[in-house]
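Chemist: This structure is in structure tokens; I'll ask about it shortly.
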Amino acid sequence: MTTPRPAAVAGMFYPAAPRELAWEVDDMLGHSAGGNLVPGFPKALIVPHAGYIYSGGVAAEAYDRLRPARGIVRRVVLLGPCHRVPVRGLALPDATAFDTPLGRVPIDRESVEALSGLPQVVVSSAVHAEEHALEVQLPFLQRVLGEFSLVPLAVGAAAASEVAEVIEKLWGGEETLIVISSDLSHYHAYDAARAIDQGTAREILDFSTAIDHEQACGATPVAGLLLAARRHGLTAELLDLRNSGDTAGGRDRVVGYGAFAFWDGEPRFTAAHGRTLLAIARNSVEAALGASAAKRLPGEAWLQPLRASFVTLTRDGRLRGCIGSLEAQRPLGEDVSHNALAAAVSDPRFAPLTREELVGTRIEVSILSAPKLVAFADHADMIAQLRPGEDGLILECGGARATFLPQVWESLPDPERFVAELKRKAGLAPEASTAKCRIQRYSALKWKEEGSASL
């Protein structure tokens, strides 16, 4: 077989129409809880593979963590169990690519060649022809990562050590993501399933390879990942744990779903990260005003993922400029440098900053999380959901749009007034109805030149 593998379960497990599929995936990502702002992105994920109506929301919790990986991850090693055709070992497809309604994902031929010498790796088009466990992950990966090449491995009868050997062979660097596709327990009553799945989650977080196929249909690839992840010192994180009784089914016989991320160490932003960002921002402004020579951006890996940032300038405690990005569109280092310069010379509310003002100007850098939709029944419900001091808000009504960073709560602590002033900033009347407005919220991590990082 030298042709692409066509989508086998489009229209059953997920929508077959490209526009509908893209909207549904984006909607699930947009409604995910998200997580704390951390540098980088996971090295590996464990995600469920049922129809999107059942497990898509759980999978989205893991894939949402990959937003910063766009443009960096170029190869995805995807492993999952065989549901239709049994096989001994791990099966690669005899295909050049996998097709989905969102486009074609090429098979990474170099990786396939690298595995050719391993006896546990075989080639079988039959194993992959109707298998859904790998296919259902691709639309999420396509929407989050954009372009990438794929190493799809259907795992049959194999030892965890054999799976780990394959994963080790393809471990790579930040350009490589490893994804394990597996549901958890099957067809128990709701409460029994919750107890079983909670126990399984604890075993995964403890890197226990004793998990069996009663606990997870993908127990073998999960165990293989756990072996490799433990050797590499990764940290495991539980992102979501639910079952079909929580999502779209009855509670008599349910299937469990878990989302896990594996990180290199315990990632968190520190004061050192803040000092680097503030130095980038100040140099951008000073170089533009002729006060110092422009420096090349640091080459540190955490500055490379796409991030949204804001840069705020103040003098004598008063705003002097504030420009930023609500959506990630540039690597973090570039975004901070760009926004610092724009805040100094392009904020339409102020005259351009002068060289003489530099000494008394203080810089603050904020990093924004991906915005999440706020679903509300009415204005009172929306107000009740706000978290003063934590939420940055984006308000969109018709063609009007405006945002307030979380730090604006310091001067507008009352939620009603906060929203009213946000409407005013958007060019709307403060009393205008929010019924047809689109509200998104985000969190921010900020650093000031005279202080340290704060949430």
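Numbered per this note's numbering, the sequence shown finishes at 463, counting up by one with no gaps. Cβ atoms here follow ideal geometry from the backbone N, Cα and C, with glycine treated the same way.
1. Who pairs with Gln448 in a beta bridge, going by DSSP?
2. Around the C-beta of Ser451, are 16 or more other C-beta atoms found within 10 angstroms, so that it is buried, or is it exposed?
3. Taking its Cβ as the centre, do 16 or more other Cβ atoms sit within 10 Å of Leu146, making it buried, or is it exposed?
4. Can you give the Cα-Cα distance for Leu463 and Glu429, rounded to whole angstroms?
5. Distance, Cα to Cα, Ser300 vs Pro313?
6. Classify Ala388: buried if its beta carbon has 16 or more other beta carbons within 10 angstroms, exposed otherwise.
7. Determine, using beta-carbon pairs with one atom in the segment 207 to 224 and one in the segment 251 to 259, whether at least three such pairs fall under 8 Å.
8. Give the secondary structure of Asn251 by DSSP, where H, G and I count as helix, E and B as strand, and everything else as coil.
9. Tell me the start and end of each unbroken beta strand (DSSP E) in the segment 221 to 280 that is at least 3 residues and wholly inside, in chain order.
10. Could you pull out every residue in the same chain whose Cβ sits closer than 8 Å to the Cβ of Val230, ignoring the five residues on either side in sequence?
11. Hey, is the segment 188 to 207 in contact with the segment 121 to 134, meaning 3+ C-beta pairs nearer than 8 Å?
12. If you compare alpha carbons, which of Ser419, Pro421, Arg409, Pro23 is closest to Ala431?
13. Which class does Lys177 belong to by DSSP, given the choice of helix, strand or coil?
14. Grab the span of the beta strand (DSSP E) containing Phe318 for me, first residue to last.
15. DSSP beta-bridge partners for Phe106?
16. Are the Cβ atoms of Ala99 and Leu161 separated by less than 9 Å?
17. Any contact between the segment 107 to 125 and the segment 191 to 200? By contact I mean 3 or more CB pairs, one from each, below 8 Å.
18. Give the range of the alpha helix (DSSP H) segment to which Tyr71 is assigned.
19. Does at least one heavy atom of the ligand NAP sit under 8 Å from the Cβ of Leu242?
20. Which value, in whole angstroms, describes the spacing of the CA atoms of Trp310 and Leu142?
21. Assuming Val81 and Leu185 make a contact with CB atoms under 8 Å, what is their CB distance in whole Å?
22. Hey, Ala165 and Arg92 are a contact pair by Cβ (cut 8 Å); roughly how many whole angstroms apart?
23. Can you list, in chain order, the residues of its chain whose CB lies under 8 Å from that of Pro306, leaving out five sequence neighbours each side?
24. According to the neighbour-count rule (16 or more other Cβ atoms, all chains shown, within 10 Å of its Cβ), is Val367 buried or exposed?
25. Roughly how many angstroms separate the alpha carbons of Phe106 and Val144, rounded to a whole number?
Modeler: This is what the structure gives:
1. On the sequence shown, residue 448 is found 440 positions in, with the first residue counted as 1. Paired residue(s): Leu381, Ile402.
2. For the purposes of this step, residue 451 is taken as residue 443 along the sequence shown, with counting starting at 1. Under this definition Ser451 is a buried residue.
3. For the purposes of this step, residue 146 is identified with residue 138 of the sequence shown, where counting begins at 1. The residue is buried, with at least 16 neighbouring Cβ atoms inside 10 Å.
4. Numbered from its first residue, the sequence shown carries residue 463 at position 455. Numbered from its first residue, the sequence shown carries residue 429 at position 421. For Leu463, the pLDDT reaches just 36, beneath the cut-off of 50, and the residue's location in the model is therefore unreliable, although a value from the coordinates is still provided. So the alpha carbons of these two residues sit roughly 22 Å apart.
5. For the purposes of this step, residue 300 is taken as residue 292 along the sequence shown, with counting starting at 1. For the purposes of this step, residue 313 is taken as residue 305 along the sequence shown, with counting starting at 1. Taking the straight line joining both Cα atoms gives about 27 Å.
6. Residue numbering aside, residue 388 sits at position 380 when the sequence shown is read from its first letter. So Ala388 ends up on the exposed side.
7. no
8. Here residue 251 corresponds to residue number 243 of the sequence shown, with the count starting at 1. Reduced to three states, the DSSP call for Asn251 is strand.
9. 242 to 251, 262 to 272
10. In the sequence shown, counting from the first residue as 1, residue 230 sits at position 222. Taken in chain order, the residues that qualify are Ile54, Ile188, Ser190, Ile212, Ile219, Ala224.
11. no
12. Working through the sequence shown from its first residue, we reach residue 431 at position 423. Note on identity: in this sequence residue 431 is Lys, with Ala being the wrong assignment. The shortest C-alpha separation from Lys431 is found at Arg409.
13. Within the sequence shown, the letter at position 169 stands for residue 177. In this structure, Lys177 counts as helix in the three-state DSSP scheme.
14. Counting from 1 along the sequence shown, the entry for residue 318 is found at position 310. Element bounds for Phe318: 314 to 323.
15. Looking up residue 106 in the sequence shown gives position 98. Per DSSP, Arg13, Val113.
16. Sequence index remark: in the sequence shown, residue 99 carries index 91 (1-based). Sequence index remark: in the sequence shown, residue 161 carries index 153 (1-based). For Ala99 and Leu161, yes; Cβs fall inside 9 Å.
17. no
18. What you label residue 71 is simply residue 63 of the sequence shown in a count that begins at 1. Run containing Tyr71: 65 to 71, per the alpha helix (DSSP H) assignment.
19. Only the bare structure without any ligand can be found here, which leaves the ligand NAP out of the picture.
20. In the sequence shown, the residue the question calls residue 310 occupies position 302. In the sequence shown, the residue the question calls residue 142 occupies position 134. Each residue's alpha carbon lies about 29 Å from the other.
21. Here residue 81 corresponds to residue number 73 of the sequence shown, with the count starting at 1. Here residue 185 corresponds to residue number 177 of the sequence shown, with the count starting at 1. Their Cβ separation, rounded to whole angstroms, is 5 Å, which keeps Val81 and Leu185 in contact under 8 Å.
22. Here residue 165 refers to the residue found at position 157 of the sequence shown. Here residue 92 refers to the residue found at position 84 of the sequence shown. Incorrect: roughly 15 Å between the Cβ atoms, too far for contact.
23. Within the sequence shown, the letter at position 298 stands for residue 306. Excluding sequence neighbours, Pro306 sits near Thr284, Ile288, Gly341.
24. Taking the first residue of the sequence shown as position 1, residue 367 is located at position 359. Exposed, by the Cβ-count rule.
25. Position 98 of the sequence shown, counted from the first residue, corresponds to residue 106. Position 136 of the sequence shown, counted from the first residue, corresponds to residue 144. Computed Cα separation, rounded: 11 Å.
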